[in-house]
Amino acid sequence: MDPLGVTFLKALALCTVLLGAFAYMTLIERRLLGRMQHRYGPNRLGPFGLLQPIADAIKSVFKEDIVVSAADRFVYVLAPMISITFALAAFGAIPGGPAGSLFGFDPWIVDLDIGLLYVLAVTSIGVYGIFLGGWASNSKYPLLGSLRSSAQIISYELGLGLSVLSVIMIAGTLNLRAIVELNVWSVSPWLWPPLAVAFGAFVISAIAEVNRTPFDLPEAEQEIVAGYLTEYSSIKWALYQMAEYVNMMTASAFISTLFLGGYKGPTVLEPWIPGISDWPIVWLVAKMALFMFLFIWLRATLPRLRYDQLMRFGWVYLFEVALAAALVTGAVIAFVL
Amino acid sequence: MYEGLLMMFLAAGFIGAAAIGVGALLGPKRATPTTLAAYESGIPASGTARERFPVHFYLVAVLFIIFDIETAFFFPLAVKFGAAPQFLFAQAIIFVGILAVGYVYILRRGVLRW
Numbered sequence: 001m002d003p004l005g006v007t008f009l010k011a012l013a014l015c016t017v018l019l020g021a022f023a024y025m026t027l028i029e030r031r032l033l034g035r036m037q038h039r040y041g042p043n044r045l046g047p048f049g050l051l052q053p054i055a056d057a058i059k060s061v062f063k064e065d066i067v068v069s070a071a072d073r074f075v076y077v078l079a080p081m082i083s084i085t086f087a088l089a090a091f092g093a094i095p096g097g098p099a100g101s102l103f104g105f106d107p108w109i110v111d112l113d114i115g116l117l118y119v120l121a122v123t124s125i126g127v128y129g130i131f132l133g134g135w136a137s138n139s140k141y142p143l144l145g146s147l148r149s150s151a152q153i154i155s156y157e158l159g160l161g162l163s164v165l166s167v168i169m170i171a172g173t174l175n176l177r178a179i180v181e182l183n184v185w186s187v188s189p190w191l192w193p194p195l196a197v198a199f200g201a202f203v204i205s206a207i208a209e210v211n212r213t214p215f216d217l218p219e220a221e222q223e224i225v226a227g228y229l230t231e232y233s234s235i236k237w238a239l240y241q242m243a244e245y246v247n248m249m250t251a252s253a254f255i256s257t258l259f260l261g262g263y264k265g266p267t268v269l270e271p272w273i274p275g276i277s278d279w280p281i282v283w284l285v286a287k288m289a290l291f292m293f294l295f296i297w298l299r300a301t302l303p304r305l306r307y308d309q310l311m312r313f314g315w316v317y318l319f320e321v322a323l324a325a326a327l328v329t330g331a332v333i334a335f336v337l
Numbered sequence: 338m339y340e341g342l343l344m345m346f347l348a349a350g351f352i353g354a355a356a357i358g359v360g361a362l363l364g365p366k367r368a369t370p371t372t373l374a375a376y377e378s379g380i381p382a383s384g385t386a387r388e389r390f391p392v393h394f395y396l397v398a399v400l401f402i403i404f405d406i407e408t409a410f411f412f413p414l415a416v417k418f419g420a421a422p423q424f425l426f427a428q429a430i431i432f433v434g435i436l437a438v439g440y441v442y443i444l445r446r447g448v449l450r451w
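Just so you know, the protein sequences line up as chains X and L, in that order. Residue 241 in the numbering used here sits at position 241 of the first sequence, with consecutive numbering throughout. Just add 337 to the spot in the second sequence (first one is 1) and you have the numbering used here.
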């Protein structure tokens with residue numbers, strides 16, 4: 001285990017990297033969406049528009065910092081801070097490689113025996129940022145938007161919680177590193193179908209949890225303007241955006257860690273480059289990139305759900321399918337193996 | 338082990354607080370009553386937003402608590418599932434069965450019908 005000072009520096013470095021990744025994710029997203037819609041996207045600032053995120057950051061810092069006069073000042077300022085703090089902190093428990101592989105340091109901030117619960121719990125505290133932000137604005141669109149978003153997020157948390165049960169039953173631990181070390185080929189083929197269903201349910205719930213299309217009801221501008229973000233501007237608005245993208249990255253990393261072997265690389269390459277499957281960070285980032293691309297691709301492809309469809313989908317289909325996957329996994333372990 | 342978590346939260350909280358602080362310092366201060374008014378599609382706001390809202394949201398929150406506790410009870414059961422699979426599976430089925438009655442009831446009552 002690393003000394004405490006090193007842990008703090010690693011935590012700061014992780015936050016900085018995540019924020020840098022957020023800045024460039026916005027560029028990648030806008031460029032990709034542009035390409036998918038037969039247009040260019042931002043390409044004026046620097047080669048391929050690479051300076052665009054920096055210009056955006058400078059702009060949001062120098063914008064006027066408005067606190068709506070009817071708002072509850074303290075909660076209004078606190079809410080975006082809650083969102084970003086818990087979004088960043090959740091990533092700390094996700095392992096980036098084998099112990100001591102990052103220049104002699106461990107490529108994670110904390111290695112918890114309850115890592116899985118920690119990530120689930122801390123990401124779901126983000127809903128307080130959304131709800132308090134909408135309430136503190138003391139304006140009607142934000143209030144309705146935040147109610148909708150919180151109801152959506154807590155509903156899809158059930159699917160999220162139930163679909164990881166299969167993984168826990170097979171792994172017998174909540175430690176994320178132990179789950180990564182579990183090799184899918186050593187799991188009985190009988191368990192693959194329920195695991196595949198659980199994986200699908202988990203990915204769908206995760207997309208709903210991070211408020212992405214087709215579940216981006218909080219941003220249904222035809223109905224509720226910008227939802228809980230309506231009264232937010234300048235850096236506070238940027239903090240909410242950061243939180244959303246950091247949550248996307250955490251969700252991608254979490255899906256990869258639970259279902260796709262996390263930081264482990266393919267052993268097929270071992271004969272050519274010995275030790276390549278144990279390189280830290282690289283493989284996790286590669287797997288995360290797949291899901292980030294999926295999120296953007298879905299945004300360009302799918303229309304938004306209606307609110308009642310969204311709630312029924314979460315409570316009826318996703319909940320039942322995830323529960324069934326968990327029970328089938330249990331039945332297979334209990335009676336077939 | 339858990340002091341690492343404290344470090345993580347310190348770093349994350351520092352980033353958030355620093356961003357808010359920098360934004361408050363650097364931005365211009367030219368607020369007028371109009372820019373500070375609540376947004377209501379351009380017309381003057383009628384009343385505050387401290388109003389009643391549909392009871393559905395409240396019901397969803399209560400249901401969430403019930404079924405999230407169900408999930409929370411499943412976690413320790415799933416971790417130790419290998420110890421006595423058949424016994425624990427029977428228990429899980431009974432537990433789900435009890436909750437399923439309530440689940441069917443709320444669906445029939447139309448809690449999720451908006």
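Where is the CB? At the ideal position from N, CA and C, for every residue including glycine.
| Check | Outcome |
| --- | --- |
| Cβ pair Trp185/X, Val332/X closer than 7 Å | no |
| Residues near Val167/X in its chain [Cβ-Cβ closer than 6 Å; skip 5 each side] | Leu258 |
| Closer than 7 Å to chain X by CB, Ala386/L | yes |
| Exposed unless 16 or more other CB atoms sit within 10 angstroms - verdict on Val336/X | exposed |
| Local conformation of Phe195/X per DSSP, three classes | The amino acid occupying residue 195/X in the given sequence is Leu; Phe does not appear at that position. Helix, per DSSP. |
| Beta-carbon proximity list for Ala325/X, same chain, < 7 Å, skipping 5 on both sides | Ser163, Ser166, Pro194, Val197, Ala198 and Ala201 |
| With 16 other Cβ atoms within 10 Å as the buried cut-off, status of Ala238/X | buried |
| Short Cβ contact (7 Å threshold) for Gly353/L with Ile84/X | yes |
| Pro413/L burial status per 10 Å Cβ neighbour count (16 or more: buried) | exposed |
| Residue-chain proximity (Pro365/L, chain X), Cβ-Cβ < 7 Å | yes |
| Range covered by the alpha helix (DSSP H) that runs through Leu132/X | Gly115 to Ala136 |
| Beta-ladder partner(s) of Phe105/X, from DSSP | Leu102/X |
| Cβ-based neighbour list, Leu144/X, same chain, cut-off 7 Å, excluding 5 preceding and 5 following | Ile224 |
| Within 8 Å of chain L by C-beta, residues of the segment 54 to 67 of chain X in sequence order | Ser60, Val61, Phe62, Lys63, Glu64, Asp65, Ile66 and Val67 |
| Straight-line gap, Glu270/X to Leu174/X (C-alpha atoms, nearest Å) | 29 Å |
| Among Glu407/L, Gly419/L and Tyr442/L, nearest to Ile431/L - alpha-carbon criterion | Glu407/L |
| Coarse secondary structure for Asn211/X, derived from DSSP in three states | coil |
| Which listed residue (Gln152/X, Val110/X, Gly159/X and Ala251/X) has its alpha carbon closest to that of Tyr128/X | Gln152/X |
| Local Cβ density within 10 Å of Trp108/X, reported as buried at 16 or more and exposed below that | buried |
| Counted within 10 angstroms of its Cβ, other Cβ atoms place Val268/X as buried (16 or more) or exposed | exposed |
| Neighbouring residues, chain X, relative to Phe432/L (Cβ below 9 Å) | Chain X residues near Phe432/L: none, gap ~11 Å exceeds 9 Å. |
| CB contact flag (Pro218/X, Gly227/X, <7 Å) | yes |
| Whole-angstrom distance between Ser378/L and Tyr232/X, CA atom to CA atom | 15 Å |
| Three-state class that DSSP yields for Lys10/X in the structure shown | helix |
| For Phe254/X, the nearest candidate out of Val187/X, Ile235/X, Glu157/X and Ala93/X (CA to CA) | Ala93/X |
| Endpoints, the alpha helix (DSSP H) within which Thr329/X is located | Phe319 to Ala331 |
| Whole-angstrom C-beta distance between Val68/X and Asn138/X, which should lie under 8 Å | 7 Å |
| Beta-carbon neighbours of Tyr141/X, restricted to chain L and to distances below 8 Å | Tyr376 and Glu377 |
| Tyr370/X in three-state terms, based on DSSP | Nothing can be reported for residue 370/X: it is not among the residues displayed for chain X, which extend from 1 to 337. |
| Run of the alpha helix (DSSP H) containing Gly161/X, from where it starts to where it stops | Lys140 to Ser163 |
| Arg445/L versus Gly96/X, Leu9/X and Val316/X, residue with shortest Cα-Cα distance | Val316/X |
| Assigned exposure category for Met169/X - 16 Cβ within 10 Å defines buried | buried |
| Alpha-carbon to alpha-carbon, Arg212/X and Leu362/L | 32 Å |
| Own chain residues within Cβ distance below 6 Å of Phe418/L, not counting five before or after | Leu425 |
| Where Ser234/X falls: helix, strand or coil (DSSP) | helix |
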